[in-house]
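Asker:
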């Protein structure tokens with residue numbers, strides 16, 4: 001009989017123990033994959049250049065490229081994705097251990113080029129570059145551009161995913177923290193609030209979840225659903241880190257879909273709140289707007305009450321997003337509101353507007369430095385009812401009043 005640990009890792013009588021022996025050496029093949037995954041600074045432009053070079057090797061061309069060819073051909077790929085410095089990867093990749101050499105001509109080392117001649121290994125490298133450095137681009141278009149259009153976009157293996165998450169904080173669909181302590185070939189050890197030393201989970205169970213997510217597009221997170229067993233909470237936390245995955249609590253599941261296809265509910269969670277890109281972007285912003293407005297083309301600003309087309313409204317955080325915990329960021333119903341771009345969003349963010357404990361808009365008492373137009377605008381808003389205020393959101397508004405609002409000098 002199984003007992004369920006709602007912090008993510010299940011407990012049972014015949015639990016799996018981590019091997020006592022030292023970790024298995026998975027060999028140079030895996031070491032090369034780690035090198036591709038762990039590209040140092042400027043990983044995006046290096047990955048684009050590497051994909052172009054992989055396409056050249058796959059087409060039977062030489063592994064080394066003269067600067068003139070690289071500047072034009074690889075430079076075209078870089079420019080297509082907003083990068084215009086082919087010199088950096090051409091020379092800079094030489095510092096990446098075991099991958100690239102630079103001289104009169106630059107390109108893959110002979111060992112790497114030989115390994116890339118194997119279609120299976122080449123596919124693993126392409127998938128690693130996609131997952132670790134290029135998850136936010138139109139990858140199918142990129143593959144076509146570099147001559148790898150026949151590549152089958154495969155999901156990452158469980159070992160790849162788990163190793164990339166070692167030491168990072170994960171959350172189950174119910175918000176319980178999990179942390180991967182160590183990954184062995186067959187077993188991953190997971191720490192929870194109840195067991196900091198960690199509980200073992202079979203890697204094969206995580207792989208089953210990944211396979212189901214690819215085949216069905218969703219996985220139900222429950223001990224009796226989809227055969228995931230009592231380890232399902234932790235497996236769901238891992239699945240939610242896959243690019244494009246969204247976890248929800250009612251019912252508990254992880255879904256793969258484009259933002260426009262996801263019916264966002266109050267229970268939506270975002271396991272990876274910031275994606276990997278040249279500019280940091282908020283992965284949850286699209287979902288947050290859909291949660292607040294649904295399919296409406298117009299909506300009202302929660303501060304001034306005026307109705308605007310959606311393009312003039314911002315999905316704003318009541319408490320600054322950068323200072324929210326992951327749990328607070330996922331409290332969509334209470335931590336978010338709609339603010340118009342005609343002034344309310346900026347004025348609230350800068351502390352010239354606030355909301356009192358009764359849900360009424362407050363205007364900063366001293367706004368002379370803003371000029372008469374802005375001061376008059378603030379005065380018109382003062383006392384209006386904030387439609388985003390409720391008992392659940394009051395703690396966030398209170399934080400804003402205490403830490404951001406320009407309330408002026410205290411009076412006796």
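Residue numbers (my numbering): 1 to 412. Quick reminder that beta carbons are idealized off the backbone N, C-alpha and C, glycines included. This structure is a prediction, so every number in the text was calculated from the model and none was measured.
1) Just how far apart, CA to CA, sit residue 331 and residue 205?
2) Measure the alpha-carbon distance for residue 426 versus residue 296 and round it to whole angstroms.
3) Within 10 Å of its beta-carbon, does residue 168 have 16 or more other beta-carbons around it, so buried, or fewer, so exposed?
4) Go ahead and pull the three-state DSSP assignment for residue 344.
5) Give me, in chain order, the residues of the same chain whose beta-carbon lies closer than 6 Å to that of residue 182; leave out the 5 immediate sequence neighbours on both sides.
6) Along the beta strand (DSSP E) that carries residue 312, what are the first and last residues, could you check?
7) Expressed to the nearest angstrom, what Euclidean distance is found between the alpha-carbon atoms of residue 21 and residue 160?
8) Taking residue 179 as the reference, which of 220, 241 and 128 has the closest Cα?
9) From the DSSP secondary-structure annotation, give me the bridge partner or partners of residue 255.
10) With DSSP collapsed to three states, give me the class of residue 69.
11) Can you tell me whether DSSP reads residue 229 as helix, strand or coil?
12) Measure the alpha-carbon distance for residue 171 versus residue 324 and round it to whole angstroms.
13) Please report how far the alpha carbon of residue 65 lies from the alpha carbon of residue 108, in whole angstroms.
14) So who's on the other strand from residue 353, going by DSSP bridges?
15) Grouping DSSP H, G and I as helix and E and B as strand, with all else coil, what is residue 134?
16) What would DSSP say about residue 318, mapped onto helix, strand or coil?
17) Roughly how many angstroms lie between the CA atoms of residue 48 and residue 80, to the nearest whole one?
18) Can you list, in chain order, the residues of its chain whose CB lies under 8 Å from that of residue 335, leaving out five sequence neighbours each side?
19) Measuring CB to CB, does residue 338 end up less than 8 Å from residue 378?
20) Using only the alpha-carbon positions, how far apart do residue 261 and residue 248 sit?
21) Straight-line CA distance for residue 184 to residue 34?
22) Using the beta-carbon count (16 or more within 10 Å), is residue 224 buried or exposed?
23) Out of 148, 50, 42 and 239, state which residue places its alpha-carbon closest to the alpha-carbon of residue 112.
24) Applying the criterion that 16 or more other CB atoms from any shown protein chain within 10 Å of the CB defines a buried residue, is residue 464 buried or exposed?
25) In terms of residues, what are the limits of the alpha helix (DSSP H) holding residue 334?
26) Roughly how many whole angstroms lie between the Cα atoms of residue 129 and residue 39?
27) Quick check: what's the CA-CA separation for residue 106 versus residue 157?
28) Please list the terminal residues of the continuous alpha helix (DSSP H) segment that includes residue 177.
29) If I measure Cβ to Cβ from residue 222 and keep anything under 7 Å in the same chain, skipping five residues before and after, which residues do I get?
30) Have a look at residue 386 and residue 237 and give me their C-alpha separation to the nearest angstrom.
31) Hey, how far is the Cα of residue 340 from the Cα of residue 373?
32) Helix, strand or coil for residue 108? Go by DSSP, reduced to three states.
33) Do you know offhand how far residue 165's Cα is from residue 173's?
34) The alpha helix (DSSP H) spanning residue 144 covers which residue range?
Answerer: This is what the structure holds:
1) Looking at the backbone, the Cα of residue 331 and that of residue 205 are separated by about 30 Å.
2) With the chain covering only 1 through 412, there is no way to say anything about residue 426.
3) Counting Cβ neighbours within 10 Å, residue 168 comes out exposed, since fewer than 16 surround it.
4) Residue 344 falls in the helix class under three-state DSSP.
5) Close CB contacts of residue 182 within its chain, under the 6 Å cut and outside five residues either way in sequence, are with 189 (chain order).
6) From DSSP, residue 312 is part of no beta strand (DSSP E); its letter is neither H nor E.
7) Because residue 21 sits at a pLDDT of 25, beneath the cut-off of 50, its placement in the model cannot be relied upon, and the point is left open.
8) Minimum Cα-Cα distance from residue 179 among the listed residues 220, 241 and 128 corresponds to 241.
9) Within the DSSP bridge table, the entry for residue 255 names 218 and 246 as partners.
10) Under the three-state reduction of DSSP, residue 69 is assigned to helix.
11) Helix.
12) For residue 171 and residue 324, the distance between alpha carbons rounds to 15 Å.
13) Cα to Cα, residue 65 sits roughly 9 Å from residue 108.
14) Beta-bridge partners of residue 353 (DSSP): 363.
15) The DSSP-derived three-state label of residue 134 is coil.
16) It is coil, neither helix nor strand.
17) Roughly 10 Å separates the two Cα atoms.
18) Excluding positions up to five away in sequence, the list reads 317, 318, 319, 324, 328, 329, 393 and 396.
19) No, they are not a contact pair.
20) For residue 261, the pLDDT reaches just 42, beneath the cut-off of 50, and the residue's location in the model is therefore unreliable, leaving the point undetermined.
21) If you take the alpha carbons of residue 184 and residue 34, they lie about 15 Å apart.
22) Under this definition residue 224 is an exposed residue.
23) Here the closest residue by C-alpha is 50.
24) In this structure the chain extends from 1 to 412, so residue 464 is not present and cannot be described.
25) 332-335 is the extent of the alpha helix (DSSP H) around residue 334.
26) Rounded to whole angstroms, residue 129 to residue 39 spans 9 Å at the Cα level.
27) Answer to the nearest angstrom: the Cα atoms are 31 Å apart.
28) That residue, residue 177, is in no alpha helix (DSSP H); its beta strand (DSSP E) goes 177-183.
29) Within the same chain, residue 222 has close Cβ partners 232 and 252.
30) Distance between the alpha carbons of residue 386 and residue 237: 35 Å.
31) Spanning the two alpha carbons is a distance of roughly 17 Å.
32) Note: residue 108 maps to strand in three-state DSSP.
33) The C-alpha of residue 165 lies about 17 Å from the C-alpha of residue 173.
34) Secondary structure note for residue 144: its alpha helix (DSSP H) is the uninterrupted segment 139-145.
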